[in-house]
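Numbering (UniProt numbering), first residue to last: 1 to 246.
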C-alpha cells in the first residue's frame with residue numbers, strides 16, 4: 001500500500017516509516033520540512049494523492065489552552081483532504097486515559113481530536129499509547145531543582161517509542177478498527193518510584209520527594225493512565241531500556 005505518514009520525520013513517525021517500508025509498503029514521510037502544513041492545508045492534497053492510508057502523528061506545539069484549536073483545524077483539514085483523495089483508512093496516535101483527565105487542556109485537546117476523527121467521513125483507527133520512556137527526563141525536569149525532584153504518586157505504565165511505532169505500524173497495515181487499540185509497557189510504576197529508578201540508573205544524587213500536587217500528571221485521578229485489560233502489552237521493560245541508554 002501507499003501510506004502517507006504525517007509527522008513522519010519525528011520520534012515516532014520516522015520509525016513508523018522504516019517499519020512500513022521494511023514490510024514492503026510505500027510509506028512516505030510528510031512534515032513541515034517536506035512542504036506539508038496541516039494547519040494551512042498546504043501540500044496536503046498532493047501528499048494524499050494515491051494514498052490508501054494516512055497516519056497522523058503531528059502534534060500541537062503547545063500543551064496549553066491553544067492546543068484544542070490546533071487539533072480542530074488540523075483534523076478538519078486532514079479529513080477533508082483524505083475524503084477528497086479517496087483515502088480508505090485514517091490512523092491517529094492518542095493517549096491511554098485521554099478522555100478521563102478533563103483538568104488537562106492537552107488531554108482535552110487530544111480527546112477532541114479523537115472525536116473529530118470518529119465523527120468524520122473516513123474509516124479510522126485510534127492507537128492509544130501510554131507515556132514514552134523517552135519523555136521521563138522531561139517529566140522530571142518540570143518540578144526539579146538542584147537537590148530535589150518533586151513527583152506525584154500517580155500510577156503510570158510507560159513504554160518505549162520503538163514499541164509505540166510498531167503498534168502504530170501494525171494498525172496502519174490492517175483494516176480500519178473503527179475503534180481504539182490500547183498499548184502499554186509491561187510494568188506499572190508510581191511516577192515518584194519511576195523517578196527514583198531513573199535517577200539511580202543515571203547516578204543522579206538528587207532526592208525524589210512525593211508531592212501529589214506536582215507537575216502535569218498530578219491532575220490524573222486514580223489509575224486512569226494505566227491501560228485496560230485488553231491492551232496490547234509491549235515487550236520492552238523500562239529497566240532494560242535504561243541499561244541500554246547507559
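Ideal placement from N, C-alpha and C gives every residue a C-beta, glycine not left out.
Between the C-alpha atoms of residue 138 and residue 196, what's the straight-line distance to the nearest angstrom? Using only the alpha carbons, I get a separation of about 14 Å.
Just list the residues that DSSP pairs residue 145 with in beta bridges. None; residue 145 has no bridge partner.
Contact the stretch 98-115 vs the stretch 144-164: 3+ CB pairs below 8 Å: Touching, no, given that fewer than three Cβ pairs across the two stretches are closer than 8 Å.
Pull up the distance between the alpha-carbon of residue 72 and that of residue 105, whole angstroms please. 14 Å
For residue 168 and residue 55, which I take to be in contact (beta-carbon distance under 8 Å), what is that distance rounded to the nearest angstrom? With 8 Å as the limit, residue 168 and residue 55 qualify as a contact, their Cβ atoms being about 6 Å apart.
Span separating the alpha-carbon of residue 188 from that of residue 235: 13 Å
Boundaries (first-last residue) of the alpha helix (DSSP H) holding residue 68: 67-85
Option in 93, 186, 81 with minimal Cα separation from residue 10: 93
Is it buried or exposed for residue 212, if we count other Cβ within 10 angstroms and need 16 for buried? exposed
Restricting to runs no shorter than 3 residues, where is the beta strand (DSSP E) found entirely within the UniProt domain "NAD(P)-binding" (7-134)? The qualifying runs are 26-30, 53-56, 89-95, 124-129.
Between residue 3 and residue 165, which are expected to be in contact by the criterion C-beta below 8 Å, what is the C-beta distance as a whole number of angstroms? Their Cβ separation, rounded to whole angstroms, is 13 Å, which puts residue 3 and residue 165 out of contact at 8 Å.
Going by C-alpha distance, which of 246, 215, 230 is nearest residue 103? Comparing alpha carbon positions, the residue from 246, 215, 230 closest to residue 103 is 215.
Taking 8 Å as the cut-off, decide whether the C-beta atoms of residue 118 and residue 227 are in contact. no
To the nearest angstrom, report how far apart residue 179 and residue 200 are at their CA atoms. Pairing residue 179 with residue 200, the inter-Cα distance amounts to about 40 Å.
Residue 161 to residue 240 span [Cα, whole Å]: 14 Å
Give me whichever residues DSSP pairs with residue 210 in a beta bridge. 151
Helix, strand or coil at residue 139 according to DSSP, with G and I counted as helix: helix
Reduced DSSP secondary structure (H/G/I, E/B, other) of residue 156: strand
What first and last residue would you give for the alpha helix (DSSP H) that runs through residue 224? Careful: residue 224 lies outside any alpha helix (DSSP H) and carries neither H nor E.
Below 8 Å, how does it come out for the stretch 68-86 and the stretch 32-46: are there three or more Cβ pairs, yes or no? yes
Just reading off the alpha helix (DSSP H) that residue 169 is part of, what are its end residues? 161-172
Looking only at C-alpha atoms, which of 51, 157, 100, 101 sits nearest to residue 83? 51
Would you tell me roughly how many angstroms separate the C-alpha atoms of residue 142 and residue 16, rounded to the nearest one? 29 Å
By how many angstroms is the C-alpha of residue 158 removed from the C-alpha of residue 133? Approximately 6 Å between the Cα atoms of the pair.
When you compare each of 151, 229, 244, 242 to residue 96 by their alpha carbons, which one comes out closest? Residue 96 has its Cα closest to that of 229, out of 151, 229, 244, 242.
Measuring only from the beta carbon, is residue 193 closer than 7 Å to any heavy atom that is part of the ligand FMN? Ligands displayed in this structure: none; no statement on the ligand FMN is therefore possible.
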